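full-length UniProt numbering puts the first residue of the sequence shown at 1, with every later residue one more than the last.
C-beta: ideal position from N, C-alpha, C; glycine also.
All values reported here derive from a predicted model rather than from experimental measurement.
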Amino acid sequence: MYTKVLSEQCIACGLCQLKAPDIFEYDEDGIAYVKLDNNLGTKDIPLPLLAQFKDAYTACPTGAIVRSEVPFPKDNKK
Ligand code: F3S
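Spelled out as structure tokens, the structure:
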């Protein structure tokens with residue numbers, strides 16, 4: 001499973017980092033990004049982190065967290 005945050009949809013609510021501190025981090029503006037791969041969506045989420053990923057994914061109020069079974073295209077960072 002691959003994931004990234006659509007920064008323009010993130011309202012910096014903070015839930016994803018609370019639910020999945022090993023996956024999500026905030027930039028200087030409080031906008032979340034995936035720290036596994038600097039929000040590229042190209043690194044497979046390690047199996048032990050999938051439970052916390054799902055918690056964060058379902059908790060995000062704006063749908064800013066997107067996921068895919070295949071890596072995201074590299075030219076489509078955010
Ligand atoms: Fe942003 Fe959603 Fe996380 S609004 S801070 S990506 S829970």
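Proximity of residue i and residue j at Cβ, strictly below 9 Å
i: Val66; j: Gly41; result: yes
i: Lys74; j: Asn39; result: no
Residue range of the unbroken beta strand (DSSP E) whose run includes residue i
i: Lys4; result: Tyr2 to Val5
i: Phe72; result: Per DSSP, Phe72 belongs to no beta strand (DSSP E) and is neither H nor E.
i: Phe25; result: Looking at the sequence shown, residue 25 is not Phe but Glu. Element bounds for Glu25: Phe24 to Tyr26.
Rounded distance between the beta-carbons of residue j and residue i, thought under 8 Å
i: Phe72; j: Tyr2; result: 6 Å
i: Ile11; j: Thr62; result: 6 Å
i: Ala64; j: Leu15; result: Going by Cβ atoms, the distance from Ala64 to Leu15 rounds to 10 Å, so no, they are not a contact pair.
i: Ala32; j: Asp55; result: Incorrect: roughly 14 Å between the Cβ atoms, too far for contact.
Element boundaries [alpha helix (DSSP H), containing residue i]
i: Cys16; result: Leu15 to Lys19
Which runs of the alpha helix (DSSP H) fall wholly inside the stretch 35-68 and span at least 4 residues, in chain order?
50-59
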